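Student: The opening position of the sequence shown corresponds to residue 118 in my numbering, with each subsequent residue numbered one higher. We treat Cβ as the ideally placed atom computed from N, Cα and C, and that holds for glycine. The structure presented is a predicted model; accordingly, all values stated were derived computationally and were not measured.
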Amino acid sequence: MTIQENVSLKTFNTFGIDAKANKYVNIQNLGKLKEVLKTEASKPLFVLGGGSNMLLTKDIEALVLHLNLKGIAIIEETEDYAVVNAQAGENWHEFVLWCLDNNLGGIENLSLIPGNIGTAPIQNIGAYGVELKDVFHSCEAIHILTQQTKTFTNQDCKFDYRESIFKQDLKGQYIITNVKLKLSKRNHKLNIAYGAIKSELESLKISNPTIKDVSKAVINIRQSKLPDPKEIGNSGSFFKNPVISLTEFKKLQKDFPNVPHYVVSDSEIKVPAGWLIETAGFKGKRFGDYGVHNKQALVLVNYKNALGKDIYALAQLIQQTVSRLFNIKIETEVNII
Ligand SMILES: Cc1cc2nc3c(=O)[nH]c(=O)nc-3n(C[C@H](O)[C@H](O)[C@H](O)COP(=O)(O)OP(=O)(O)OC[C@H]3O[C@@H](n4cnc5c(N)ncnc54)[C@H](O)[C@@H]3O)c2cc1C
């Protein structure tokens with residue numbers, strides 16, 4: 118087992134922040150993970166997947182476990198569905214493409230989300246009307262301190278909007294090592310009502326879409342809207358869309374009659390955080406090497422060599438301004454490290 122010291126994490130996080138890991142180990146199989154945990158579990162540890170949902174505001178004074186466990190296999194199937202098991206270090210989008218090539222449906226709307234499959238349950242990744250929980254079968258995770266393996270079913274994970282038990286009660290306690298999804302083999306239920314998918318399919322002149330067509334439409338829409346982390350450092354949506362009470366919403370609508378919104382329930386309304394940030398005047402604002410993206414106000418960006426702590430200070434300024442102008446609290450979706 119090779120533990121390296123003072124390793125730059127710049128190429129391992131999509132924000133491209135040049136923070137260092139005090140200690141770093143590349144974990145390529147389960148045996149190695151268990152071996153490391155046996156000797157290091159009582160010391161500070163930090164799990165790194167694809168690095169696409171974190172803002173590093175300082176060096177990491179811990180042993181960074183870079184999870185690169187690989188492997189995809191169908192472990193159960195009928196004529197209608199297949200349960201696919203993928204190891205935590207598989208890249209999410211490559212996994213989606215593998216499923217599409219094998220005519221397995223259910224995650225085509227989640228195409229092009231960066232990061233690894235082992236991290237997907239942590240915030241119940243979602244896009245274009247689909248969330249991981251819709252196809253999630255179970256996952257296996259190792260308890261860091263006891264090294265016992267536990268299986269978590271869909272219900273055990275307590276999934277919610279960008280939430281799960283791994284971000285709440287069990288935060289920092291488990292390392293997810295594999296994820297199993299139940300995907301359709303035929304009669305795929307396409308989800309094309311959301312956002313611009315329908316109009317993108319129309320412009321592609323596709324009237325009877327397949328799961329590959331839906332994926333293509335999603336990829337086109339995402340590429341036109343979101344900055345590619347390979348070109349501009351970012352972590353996708355920096356904030357969650359706030360859910361407010363109907364009473365609060367009515368007050369907001371009085372002052373801002375055109376506020377976009379989605380009804381969550383009889384008493385709750387979701388307001389797009391991007392609209393709040395744009396209306397507060399932050400869209401496209403640049404402060405030296407960092408700022409708010411000019412096409413998508415929800416995305417904070419690192420143009421070159423920004424410091425994580427400066428981007429975090431901008432995030433806090435945005436939160437304070439939104440709170441002052443609209444009396445709404447917006448929470449970060451990105452993990453602040
Ligand atoms: C351009 C862009 C677009 C995005 N679009 C979306 C989107 O549409 N929808 C969406 O939901 N998200 C989106 N994201 C966010 C991100 O892709 C997801 O949250 C993804 O699941 C993060 O995976 P990761 O492996 O990169 O996680 P990391 O950033 O490596 O880790 C995130 C957190 O999970 C912990 N962790 C990592 N792996 C494990 C593990 N195996 N076990 C336990 N803890 C672990 C880490 O310690 C950290 O706290 C986007 C990000 C970018 C950059």
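I think GLY222 touches ILE338, with their Cβ atoms under 8 Å apart; what is that distance to the nearest whole Å?
Tutor: The count along the sequence shown starts at 1 and reaches residue 222 at position 105. The count along the sequence shown starts at 1 and reaches residue 338 at position 221. Rounded, the Cβ-Cβ distance is 19 Å, inconsistent with contact.
Student: On the criterion of 16 or more Cβ atoms from any shown chain inside 10 Å, does LEU318 qualify as buried, or is it exposed?
Tutor: Taking the sequence shown and counting its residues from 1, the one referred to as residue 318 is at position 201. Label assigned to LEU318: buried.
Student: Indicate the three-state DSSP secondary structure (helix, strand or coil) for HIS254 in the structure shown.
Tutor: Here residue 254 corresponds to residue number 137 of the sequence shown, with the count starting at 1. Strand.
Student: Which value, in whole angstroms, describes the spacing of the CA atoms of GLU248 and ILE394?
Tutor: What you label residue 248 is simply residue 131 of the sequence shown in a count that begins at 1. What you label residue 394 is simply residue 277 of the sequence shown in a count that begins at 1. Between GLU248 and ILE394, the C-alpha separation is close to 24 Å.
Student: Quick one: Cα of PRO374 to Cα of ASN304, how far?
Tutor: As a first step, residue 374 is located in the sequence shown; it is residue number 257 there, counting from the start. As a first step, residue 304 is located in the sequence shown; it is residue number 187 there, counting from the start. Near 42 Å, if we compare the C-alpha coordinates of ASN304 and PRO374.
Student: Give me whichever residues DSSP pairs with GLY243 in a beta bridge.
Tutor: The count along the sequence shown starts at 1 and reaches residue 243 at position 126. According to DSSP, GLY243 bridges with GLU248.
Student: State buried or exposed for ASP251, treating a residue as buried only when at least 16 other CB atoms are found within 10 Å of its CB.
Tutor: Residue mapping note: residue 251 aligns to position 134 of the sequence shown, counting from 1. Classification for ASP251: buried.
Student: Around the Cβ of ASP330, are there at least 16 other Cβ atoms within 10 angstroms (buried) or fewer (exposed)?
Tutor: Numbered from 1 along the sequence shown, position 213 holds the residue referred to as residue 330. Its Cβ being crowded by 16 or more others within 10 Å, ASP330 is buried.
Student: Going by the DSSP bridge assignment, what does HIS260 pair with across the sheet?
Tutor: Working through the sequence shown from its first residue, we reach residue 260 at position 143. TYR291.
Student: Within 10 Å of its beta-carbon, does SER320 have 16 or more other beta-carbons around it, so buried, or fewer, so exposed?
Tutor: In the sequence shown, residue 320 corresponds to position 203, counting from 1. With fewer than 16 other Cβ atoms within 10 Å, it is exposed.
Student: Hey, out of GLU194, THR263, SER354 and PHE443, whose CA is closest to ALA432's CA?
Tutor: Your numbering for residue 432 matches position 315 in the sequence shown. With distances taken between Cα atoms, ALA432 lies closest to SER354.
Student: At which residue ranges does the segment 182 to 247 contain complete alpha helix (DSSP H) runs of 4 or more residues, listed in the order of the chain?
Tutor: Runs of the alpha helix (DSSP H) inside the segment 182 to 247: 209 to 218.
Student: Tell me whether TYR420 counts as near ligand 1, meaning its Cβ is closer than 8 Å to at least one heavy atom of that ligand.
Tutor: Residue 420 sits at position 303 when you count from the first residue of the sequence shown. Result no, Cβ not under 8 Å from ligand 1.
Student: Ligand 1 heavy atoms versus the CB of ASN130: any closer than 8 Å?
Tutor: To locate residue 130, count along the sequence shown from 1; it is residue 13. For ligand 1, at least one heavy atom lies less than 8 Å from the Cβ of ASN130.
Student: Per the DSSP calculation, THR452 is bridged to which residue(s)?
Tutor: Residue numbering aside, residue 452 sits at position 335 when the sequence shown is read from its first letter. According to the sequence shown, residue 452 is Asn rather than Thr. For ASN452, which the question treats as bridged, DSSP gives the partners MET171.
Student: Let's see if you can read the secondary structure: which residues bound the beta strand (DSSP E) around GLU385?
Tutor: To locate residue 385, count along the sequence shown from 1; it is residue 268. Element bounds for GLU385: 385 to 387.
Student: Mind checking whether the beta-carbon of THR294 lies closer than 8 Å to any heavy atom of ligand 1?
Tutor: Position 177 of the sequence shown holds residue 294. Yes, ligand 1 has a heavy atom inside 8 Å of this Cβ.
Student: Can you tell me where the beta strand (DSSP E) holding GLN121 begins and where it ends?
Tutor: Taking the sequence shown and counting its residues from 1, the one referred to as residue 121 is at position 4. 121 to 125 is the span of the beta strand (DSSP E), which, as asked, contains GLN121.
Student: Ignore the nearest five residues each way along the sequence and tell me which others in LYS421's own chain have a CB closer than 7 Å to its CB.
Tutor: Start at 1 with the first residue of the sequence shown, and residue 421 comes out as number 304. Same-chain partners within the cutoff: ASP406.
Student: First and last residue of the alpha helix (DSSP H) that includes LEU442?
Tutor: Translated into positions along the sequence shown, residue 442 becomes position 325. LEU442 -> alpha helix (DSSP H) spans 425 to 443.
Student: Here's the rule: buried if 16 or more other CB atoms are within 10 angstroms of the residue's CB, otherwise exposed. What is GLY391?
Tutor: Here the question's residue 391 lines up with position 274 in the sequence shown. With 16 or more Cβ atoms within 10 Å of its Cβ, GLY391 is classed as buried.
Student: I'd like to know whether the C-beta atoms of ASN208 and ALA190 end up nearer to each other than 9 Å.
Tutor: The residue given as residue 208 occupies position 91 in the sequence shown. The residue given as residue 190 occupies position 73 in the sequence shown. Against a cut-off of 9 Å, the Cβ pair of ALA190 and ASN208 comes out as no contact.
Student: Does the beta carbon of SER352 fall short of 8 Å from some heavy atom of ligand 3?
Tutor: Ligand 3 is absent from the structure shown, which contains only ligand 1.
Student: Closest to ILE261 by CA distance: which of GLY133, GLN290 and ASN271 is it?
Tutor: Your numbering for residue 261 matches position 144 in the sequence shown. It is GLN290 whose Cα lies nearest to the Cα of ILE261.
Student: Run the proximity test for VAL164: is its beta-carbon closer than 8 Å to any non-hydrogen atom belonging to ligand 1?
Tutor: In the sequence shown, the residue the question calls residue 164 occupies position 47. Indeed, a heavy atom of ligand 1 lies less than 8 Å from the Cβ.
Student: Rounded to a whole number of angstroms, what is the C-alpha to C-alpha distance between VAL360 and ILE445?
Tutor: As a position in the sequence shown, residue 360 is number 243, starting the count at 1. As a position in the sequence shown, residue 445 is number 328, starting the count at 1. Straight-line Cα distance between these residues: approximately 9 Å.
Student: Looking at ASP251 and ligand 1, is the gap between the Cβ and the nearest heavy atom below 8 Å?
Tutor: Counting from 1 along the sequence shown, the entry for residue 251 is found at position 134. ASP251 Cβ: outside cutoff for every heavy atom of ligand 1.
Student: Under 8 Å: does the beta carbon of ASN185 sit that close to some heavy atom of ligand 1?
Tutor: Taking the sequence shown and counting its residues from 1, the one referred to as residue 185 is at position 68. No, Cβ of ASN185 sits at least 8 Å from all heavy atoms of ligand 1.
Student: Using the C-alpha atoms, what's the distance from LYS267 back to ILE177?
Tutor: Within the sequence shown, residue 177 is the residue found at index 60, counting from 1. Within the sequence shown, residue 267 is the residue found at index 150, counting from 1. Near 28 Å, if we compare the C-alpha coordinates of LYS267 and ILE177.
Student: Near PHE366, what residues of its chain come up, given a Cβ to Cβ distance below 6 Å and the 5 sequence neighbours on each side ignored?
Tutor: What you label residue 366 is simply residue 249 of the sequence shown in a count that begins at 1. If we look at PHE366 and ignore the five residues flanking it on each side, its Cβ neighbours are ILE386.
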